[in-house]
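Residue numbers (this note's numbering), protein chains in the order written: chain A, 735 to 1189; chain B, 222 to 331. By construction, the Cβ of each residue, glycine as well, lies at the ideal position given by its N, Cα and C atoms. Source: prediction; values computed, not measured. This report concerns only the one structure given below.
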Amino acid sequence: MASREAAKPQLPDPSPSRRPRWGAALFGFYLVLVVASLAIAAITRPLTDHGFVYELGRSFALVGLSLLALQFVVTARLHWSEQGVGLDMVYRFHRVAAGLAAVLILCHPMLLVAGGARPELLYGFGLPWNIWLGRAALVLLMIQVGMSVWRPQLHVGFEQWRLLHNQATLIFGIAFAHAYVTGDDFGEAAMRGLWWGMVVVAATAYAYHRLALPWALARSPYRVAKVKQETHNVWTIEMEPPPGRKRFDFQPGQFHFLHFRRGRGLPAEEHHFTIASSPTHPFLASTIKEVGDFTATIGETRPGDAVAVRGPYGRFSYTYRPAEKDIVFIAGGIGITPIMSMLRHMRDTKSDCAALLLFANRTEGDIAFRRELEEIAAGGHPRLRVVHILSEPGEGWSGETGYVDKDKLSRYIAEGRERRMYYVCGPAPMMKLVMAALGDLAVPRDRIEFERFVL
Amino acid sequence: MRRLRSLRIASVVLVVVVLAAALALAVYRREVIEDAEQHEHEAWMHHHEAWMQSEEQSRGPTSREGEDVGKATGKAHGVASHPRRAQQPGEGERPPLRRDEHRRHEHHHR
């Protein structure tokens, strides 16, 4: 381990000042593409035989289809597209765009009928095949959106949902065929050119994301070097890059996607996990808690197992704010992993930051990295103070009990709250409580960074 | 939290831009057809007026040229002062809006 930790730090330049502008520029370009078909329609076919409502229905279909096409690019996990805001926000934006597209496309046939089309369009059976294509796309899209919004209530597992979510390509294909055959606007060469261009871009992004890159990663996988049990249900998996290759650069606190191929009948699925190791190490490590069907088998991982690793992603890192020297970390349970990566990086780079860690767990046995945290605090880099908080303390526990609430935050951060930087990661209920408490304590919102595990 | 705020702003901007663009196209296209109808109506009125004038001319002048023609067509005095000409084939019927006239309207709107 000593030789590993002595390796030269490899950190890409986060360039925080440029990234927001890059994100804004990308978003502007995205908006242009979303409304491009409407602009072409206005130029090439300004005259119509229909009224306002009918034309609104047509416009909704065009822009809804544009939103669907661009979803393939938005969700392709392209590094240049997530650098400004982080992949978690990109995925949340994807959900907003999907919801908007679904509403627009649902309104499309209704507005056509309200604008003068025959009502049979909505319920008739003796309609041409191209209308049936549109209907099929609409029904599948509604199922897709419903499954995504109400997945927990429908008790659909993540992997089953993900398989169903792949029908997005089918939905878009059917919807595009319907529009291409049915839509008057597609009679114009400019419109056809725009749409074939968008189809090619969408197909390329999808092929890269779902086929080419996974294939390439599977051909040269990382190998599990070490499996270490941290607590009764938490495991650390260390992975080494393929021979002759360096691991990718990352910022402490970022995450990656791991696709384990372990054989032995164990599930081979892709999931995202925080990189718990520091960029100063030549290997990658993720610390994983047994919480689901897949992670329940994580302890059965063995050295030598193959792992396709894709990353890094995310913006949850203190390195994006290098000027901040007074930091408060608030972690709940396995939410310690990105913070552990940052603390290890601070230790290895001899950081002079002052750091307070409020670490909440259920029981004493759930505390991960307890000894290592003590060692970092004793080392003086960073100037770290660790406060453990247990919601179900056993006998003999003399530390803090309960939850990370306003009272504890005000006691441990007695002064200078508004000038500190806060990094929060943990279960959703804890995050909600902490965010509210920080708000009550008048901590400016732009001084809080948080990380959710769910993309 | 800055990222979350950016996401919220982006989401609102997306919804507003999309709805505004869709509404704008629908309004624009309706305006175009209304405008085209107006042009068509004006063209028909022009031809009708010319036809009425030529009809009056074929009956012969009554008193002072211009005044009675103006009364017959219900137009102002200035209309009757237009030079007379023989009726052309097709005049007096509602003229169809030609394709090239559509094109002119399109250019006008651009």
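Check your understanding: Since A/Y1157 is in the beta strand (DSSP E), which residue starts that stretch and which ends it?
Key -> Within the first sequence, the letter at position 423 stands for residue 1157 of chain A. From DSSP, the beta strand (DSSP E) with A/Y1157 extends over M1155 to C1159.
Exercise for review: State the DSSP-derived secondary structure class of A/N1095, mapped to helix, strand or coil.
Suggested key: In the first sequence, residue 1095 of chain A corresponds to position 361, counting from 1. Correct three-state label for A/N1095: strand.
Point to revise | Where A/L846 sits in the DSSP three-state scheme | key: Along the first sequence, read from residue 1 onward, the residue named residue 846 of chain A stands at position 112. Note: A/L846 maps to helix in three-state DSSP.
**Study point:** Limits of the unbroken alpha helix (DSSP H) element including A/Q805
**Key:** Working through the first sequence from its first residue, we reach residue 805 of chain A at position 71. F786 to V808 is the span of the alpha helix (DSSP H), which, as asked, contains A/Q805.
Exercise for review: Count the other C-beta atoms from every protein chain shown that fall within 10 angstroms of the C-beta of A/W969, then say buried if there are 16 or more, exposed otherwise.
Suggested key: Stepping through the first sequence from its first residue, residue 969 of chain A is reached at position 235. Answer is buried; the Cβ neighbour count reaches 16.
**Study point:** Test: A/T916 CB closer than 8 Å to a CB of chain B
**Key:** Position 182 of the first sequence, counting from 1, holds the residue named residue 916 of chain A. Chain B, which has no Cβ nearer than 8 Å to the Cβ of A/T916, makes this no.
Exercise for review: Could you name each continuous beta strand (DSSP E) segment of 3 residues or more that falls completely within the region 936-1017 of chain A, going from the start of the chain to the end?
Suggested key: 956-965, 968-974, 989-995 and 1004-1008
Check your understanding: Can you name the start and end residues of the alpha helix (DSSP H) that A/Y1054 belongs to?
Key -> One-based indexing of the first sequence puts residue 1054 of chain A at position 320. Per DSSP, A/Y1054 belongs to no alpha helix (DSSP H) and is neither H nor E.
Check your understanding: If we count the other Cβ atoms within 10 Å of its Cβ and call it buried at 16 or more, is A/W949 buried or exposed?
Key -> Here residue 949 of chain A is taken as the residue at index 215 of the first sequence, counted from 1. Answer is exposed; the Cβ neighbour count stays below 16.
**Study point:** Segment contact flag, the region 1145-1153 of chain A with the region 1042-1057 of chain A, C-beta cutoff 8 Å, min 3 pairs
**Key:** no
Practice item. Please say whether A/R1117 and A/A1094 have beta carbons closer to each other than 8 Å? Key: Translated into the one-based positions of the first sequence, residue 1094 of chain A becomes position 360. Translated into the one-based positions of the first sequence, residue 1117 of chain A becomes position 383. Going by C-beta atoms, A/A1094 is not nearer than 8 Å to A/R1117.
Check your understanding: Between the region 770-788 of chain A and chain B, which residues of the former have a C-beta closer than 9 Å to a C-beta of the latter?
Key -> L772, A773, A775, A776, I777, R779, P780, L781, T782, D783, H784, G785, F786, V787 and Y788
Review point. Comparing the C-beta of A/A831 with each C-beta of chain B, is any distance below 8 Å?
Key: For the purposes of this step, residue 831 of chain A is identified with residue 97 of the first sequence, where counting begins at 1. Closer than 8 Å to some Cβ of chain B, the Cβ of A/A831 qualifies, so yes.
Review point. At what residue ranges does the region 1083-1142 of chain A contain a whole run of the beta strand (DSSP E), taking only runs of 3 or more?
Key: 1088-1095 and 1117-1124
Practice item. With DSSP collapsed to three states, give me the class of A/F1184. Key: What you label residue 1184 of chain A is simply residue 450 of the first sequence in a count that begins at 1. Correct three-state label for A/F1184: strand.
Check your understanding: Comparing the C-beta of A/D1060 with each C-beta of chain B, is any distance below 8 Å?
Key -> One-based indexing of the first sequence puts residue 1060 of chain A at position 326. Judged by the 8 Å Cβ criterion, A/D1060 is not in contact with chain B.
Review point. Cα separation between A/M876 and A/V824?
Key: Indexing the first sequence from 1 puts residue 876 of chain A at position 142. Indexing the first sequence from 1 puts residue 824 of chain A at position 90. Cα-Cα distance, rounded: 22 Å.
Review point. From which residue to which residue does the alpha helix (DSSP H) around A/F906 run?
Key: Your numbering for residue 906 of chain A matches position 172 in the first sequence. Run containing A/F906: A902 to T916, per the alpha helix (DSSP H) assignment.
Practice item. Could you please tell me which residues of the region 1167-1188 of chain A, in chain order, have their CB closer than 9 Å to any CB of chain B? Key: M1169, P1178, R1179, D1180, R1181, I1182, E1183 and F1184
Exercise for review: Step through the CB atoms of chain B and report whether any lies within less than 8 Å of the CB of A/S815.
Suggested key: Here the question's residue 815 of chain A lines up with position 81 in the first sequence. No - not a single Cβ of chain B is within 8 Å of the one on A/S815.
Check your understanding: Between the Cα of B/A247 and the Cα atoms of A/A773, A/F761 and A/G757, which residue gives the shortest distance?
Key -> Counted from its first residue, the second sequence places residue 247 of chain B at position 26. Selected option, being the one with the closest Cα: A/A773.
Point to revise | Supposed close pair A/F1063, A/Y1157 - CB separation, criterion 8 Å | key: Mapped onto the first sequence, residue 1063 of chain A falls at position 329. Mapped onto the first sequence, residue 1157 of chain A falls at position 423. About 5 Å separates the two Cβ atoms, so the contact holds.
Practice item. Pair every Cβ in the region 948-966 of chain A with every Cβ in the region 1124-1136 of chain A, then say whether three or more of these pairs are closer than 8 Å. Key: no
Check your understanding: Per DSSP, which one or two residues make a beta bridge with A/G1066?
Key -> Within the first sequence, numbered from 1, the residue matching residue 1066 of chain A stands at position 332. Paired residues: A/A1094.
Practice item. Compare the Cα-Cα distances from A/R1179 to each of A/Y956, A/L898 and A/M1155 and report the closest residue. Key: For the purposes of this step, residue 1179 of chain A is taken as the residue at position 445 of the first sequence. Taking only the C-alpha atoms, the option nearest A/R1179 is A/M1155.
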